[in-house]
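For the record, in the sequence shown the residue sitting at position 110 is 110 according to the UniProt record's numbering, with numbers rising by one throughout.
Heads up, the beta-carbon is just placed ideally off N, CA and C, and yes, glycines get one too.
Owing to the predicted nature of the structure, the values given are computational and were not obtained by experimental measurement.
First the structure, in the form of structure tokens, and then the observations on it.
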Amino acid sequence: MKTGFGWIQAKPPCSMAPFAVTPDELGADWAEGRIGADLSVTWNGERFGLVRGDQMGFSFPELIAHAARSRDLVAGTIIGSGTVSNAEYAARGSACISERRAIEIIADGKPTTPFMHFGDTIRMEAITSTGAKPFGAIDQGVLSA
Numbered sequence: 001m002k003t004g005f006g007w008i009q010a011k012p013p014c015s016m017a018p019f020a021v022t023p024d025e026l027g028a029d030w031a032e033g034r035i036g037a038d039l040s041v042t043w044n045g046e047r048f049g050l051v052r053g054d055q056m057g058f059s060f061p062e063l064i065a066h067a068a069r070s071r072d073l074v075a076g077t078i079i080g081s082g083t084v085s086n087a088e089y090a091a092r093g094s095a096c097i098s099e100r101r102a103i104e105i106i107a108d109g110k111p112t113t114p115f116m117h118f119g120d121t122i123r124m125e126a127i128t129s130t131g132a133k134p135f136g137a138i139d140q141g142v143l144s145a
């Protein structure tokens, strides 16, 4: 884990939704330490995935406990789950291009989904069972320097 990537020490800085909420604000969409909302992912306006958060491999209490083993967690500490995959990926799609490409390699021997290019856009937003979007949307484009 020299690179700091992965389950132990997380990923480098990344985008976050514009709003944070506490679990109680999610109501019935928070159960067993997981969010039950759908994560809608559109790439250039086309649906790429609509994945369920409640299929996380580890709950947030488990993620927090793991992180607390090696450091103090102070007020304001942000714990992210990383990409969530779904067993029914063929119907739901993906939330991660690398995951989609890996699925294609396993199924077909080669990837067909390209990586993003300049001018591409991506939009991600969580949608609860009531249709609410409590976190707002990440809506970004790939720009050249």
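Limits of the unbroken beta strand (DSSP E) element including residue i
i           : result
residue 25  : Residue 25 -> no beta strand (DSSP E), and no H or E assigned at all.
residue 38  : 38 to 43
residue 138 : 137 to 141
C-alpha gap between residue i and residue j, whole angstroms
i           : j           : result
residue 19  : residue 104 : 34 Å
residue 133 : residue 36  : 12 Å
residue 125 : residue 137 : 5 Å
residue 106 : residue 47  : 22 Å
residue 143 : residue 118 : 5 Å
residue 27  : residue 145 : 42 Å
residue 53  : residue 74  : 25 Å
residue 130 : residue 34  : 17 Å
residue 72  : residue 81  : 18 Å
residue 68  : residue 60  : 12 Å
residue 116 : residue 70  : 35 Å
residue 76  : residue 55  : 26 Å
residue 49  : residue 38  : 9 Å
residue 112 : residue 25  : 39 Å
residue 140 : residue 40  : 14 Å
residue 93  : residue 51  : 7 Å
Residue i vs residue j beta-carbon contact at 9 Å
i          : j           : result
residue 83 : residue 99  : yes
residue 42 : residue 101 : no
residue 63 : residue 78  : no
Per-residue DSSP class, three states only, for residue i
i           : result
residue 122 : strand
residue 60  : helix
residue 49  : strand
residue 67  : helix
Range covered by the alpha helix (DSSP H) that runs through residue i
i           : result
residue 108 : 97 to 108
residue 91  : 89 to 92
Beta carbon proximity, residue i to chain D, threshold 9 Å
i          : result
residue 15 : Any reference to chain D falls outside this structure, which holds one protein chain only.
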